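One structure is given here, and the rest of the page talks about it.
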Amino acid sequence: MENGTRFTYERIRMMGGFDGKECKICPQIVKTEQGIFMTYTMLLLSGIDVVNDIFFVKSTDGGKTFGLPEMLEKIETKENGVRTIFMPGLEFYSKYHKKWFVFGRHTSYENDREPIMIGGIAIGEAGYTLRSPENGHYVEKVRPLPMPFDTVSATPFGQIVEYENGDFLLTFYATPAGKIKSRAVAVRYRYENGVITIAQAGEALAYPEAGRGLDEPSVAKLGNRYYMTLRTDEQGMISVSDNGLTYSAPIPWKWDDGSILENYNTMQRWIRHKDGLYLAYTRRGANNDHVFRHRAPLFMARFDEERMCLVKDSEVILVPELGARLGNFNVTELSENEFWLSTAEWMQPSGCEKYGSDNSLWIAKIRFE
23 MENGTRFTYE RIRMMGGFDG KECKICPQIV KTEQGIFMTY TMLLLSGIDV
73 VNDIFFVKST DGGKTFGLPE MLEKIETKEN GVRTIFMPGL EFYSKYHKKW
123 FVFGRHTSYE NDREPIMIGG IAIGEAGYTL RSPENGHYVE KVRPLPMPFD
173 TVSATPFGQI VEYENGDFLL TFYATPAGKI KSRAVAVRYR YENGVITIAQ
223 AGEALAYPEA GRGLDEPSVA KLGNRYYMTL RTDEQGMISV SDNGLTYSAP
273 IPWKWDDGSI LENYNTMQRW IRHKDGLYLA YTRRGANNDH VFRHRAPLFM
323 ARFDEERMCL VKDSEVILVP ELGARLGNFN VTELSENEFW LSTAEWMQPS
373 GCEKYGSDNS LWIAKIRFE
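According to the working numbering, the sequence shown is numbered sequentially starting from 23.
Shown next as structure tokens:
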């Protein structure tokens, strides 16, 4: 690579199988002292974004093989035809606390058709719980995650930055009470005596030009600066901070030649190597017009922090396109030189399987020299 950092990557495709009624989505990988776990959620295709059962598989040989899927107990209530489920969105194993945190939100469905909305916003309260680092099952009830302001909806999201004293920087996107567009917020949290509290709250970052606002923030720290990548309906964005809490006005993601990165209405994630940052993303212009929102293939390119852009000739395809969308994905740091990207072939719209997808789970293992 241009900055002297070299890497290799390999792909693993696993657990294929599609019955046309449900599909696996949003796999996440967590490494504890007892093994490597991958969790995933089942989506009911009869509705719109209706999540159902949650499973995990465990590896005790460093990810060479995984055991059979185990179903997690559901955290949900049912009342008057409304089902409210706690949906894990961000899994995080703290090296300092030796605990496996789960951050997510409560989502309500009426007759399992689509999330309940108010003013076009899917309502939901953010929360957190803990899993056992030995067997992956929940060991605590869900507690509300403290918010720095009143919200209609709040979703913990991104990639946590953990500090030496055990504090951690967590981002979320939220719609403040009385507003119709979401904001991105970074909060420094503290875990003491079994409870998470706010140590320091950042300012809510808004972008009025975006249709629904700023969504799905992910943060990376390089040197003394923090970089936040963001989703909007129209364009992927980037913002920068000197303290991790207050961020600059977002600007569109661009290539080093000045052209726009054709990413839109889809998340991006960081590969946070100590010698330099890389971005994982999807985009238009890859013979992928048949893929929903151009959410496949999954690319990776090097970030030029001086120019705040991506280096075009560094782009590689981490996961190929087989008709299904791949845009809901995660990145996990296995060590300072190894990162795993996990994603699933999301089997919508109907017919995407004719290009070769079968709801497989993918792991792309990125290893730096």
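Using N, Cα and C, we set each Cβ at its ideal position, and we do this for glycine too. Since this is a predicted model, take the numbers as computed values, not measurements.
For Asp278, which three-state DSSP category applies?
Secondary structure of Asp278 (DSSP, three-state): coil.
Would Ile76 pass as a contact of Pro110 if the rule is Cβ separation under 8 Å?
By the CB criterion at 8 Å, Ile76 and Pro110 fall inside the cutoff.
Please list the segments of the beta strand (DSSP E) lying wholly inside the segment 76-163, counting only runs of 3 or more residues, in order along the chain.
Runs found: 98-101, 104-116, 121-132, 148-153.
Which same chain residues end up closer than 8 Å to Leu332 when comparing Cβ atoms and leaving out the 5 residues on each side of it in sequence?
Contacts found: Trp275, Lys276, Trp277, Asp278, Leu283, Leu301, Ala323, Arg324, Phe325, Asp326.
Locate the beta strand (DSSP E) running through Asp237, then write down its first and last residues.
That run of the beta strand (DSSP E) goes 237-244.
Based on DSSP bridge pairs, tell me the residues matched to Phe361.
According to DSSP, which records beta bridges pairwise, Phe361 is partnered with Glu355, Ile388.
Pick from Ile273, His316, Gly258: whose alpha carbon is nearest that of Gln290?
It is Gly258.
DSSP beta-bridge partners of Ala232:
None; Ala232 has no bridge partner.
Please report the distance separating the alpha-carbon of Phe321 from that of Leu344.
Take the alpha-carbon of Phe321 and the one of Leu344: they are about 14 Å apart.
If you draw a straight line from the C-alpha of Phe29 to the C-alpha of Thr354, how long is it?
When rounded, the distance between both Cα atoms is 16 Å.
What's the C-alpha gap between Phe194 and Thr304?
Phe194 and Thr304 have their C-alpha atoms some 21 Å from each other.
Leaving out the 5 sequence neighbours to the left and right, which residues in its chain are closer than 6 Å to Val161 when beta-carbon positions are compared?
Excluding sequence positions up to five before and after Val161, its CB lies within less than 6 Å of the CB of Leu152, Ser154, all in the same chain and listed in chain order.
For Arg35, name the three-state secondary structure that DSSP assigns.
Here Arg35 carries a strand assignment [DSSP, helix/strand/coil].
Inter-residue CB distance, Asp146 and Arg127 (contact presumed, cutoff 8 Å)
Here residue 146 turns out to be Gly, not Asp, going by the sequence shown. The beta-carbon separation of Gly146 and Arg127, rounded to 4 Å, stays under the 8 Å limit for a contact.
Can you give me the start and stop residues for the beta strand (DSSP E) that Phe314 sits inside?
Annotation: Phe314 is outside any beta strand (DSSP E) and is labelled neither H nor E by DSSP.
With distances taken Cα to Cα, identify the nearest neighbour of Asn102 among Ser130, Glu225, Glu113.
Closest option to Asn102, Cα to Cα, is Ser130.
At least 3 beta-carbon pairs within less than 8 Å: the segment 233-243 vs the segment 192-210:
The segment 233-243 vs the segment 192-210: in contact.
Arg205 lies in the beta strand (DSSP E); which residues open and close that run?
Start and end: 205-214.
Rank Ser336, Ser281, Glu360 by C-alpha distance to the C-alpha of Ile295 and give the top, closest one.
The residue asked about is misnamed: residue 295 is His in this sequence, not Ile. It is Glu360.
Express the C-alpha separation of Leu227 and Lys201 in angstroms, rounding to a whole number.
Computed Cα separation, rounded: 13 Å.
Taking C-alpha atoms, which residue in Phe351, Val241, Leu363, Gly245 lies nearest to Thr268?
Here the closest residue by C-alpha is Val241.
Can you confirm whether Gly89, when its beta carbon is compared against all beta carbons of chain B, has any partner nearer than 8 Å?
The displayed structure is made up of one protein chain only, and chain B is not part of it.
Taking Leu383 and Leu363 to be in contact with their CB atoms under 8 Å, please state how far apart those CB atoms are, rounded to whole angstroms.
Incorrect: roughly 11 Å between the Cβ atoms, too far for contact.
Beta-carbon contacts of Asn133 that lie in its chain and below 7 Å, excluding the five residues immediately before and after:
A distance below 7 Å between beta-carbons, with the five flanking residues on each side excluded, links Asn133 to the following residues of its chain, in chain order: Gly103.
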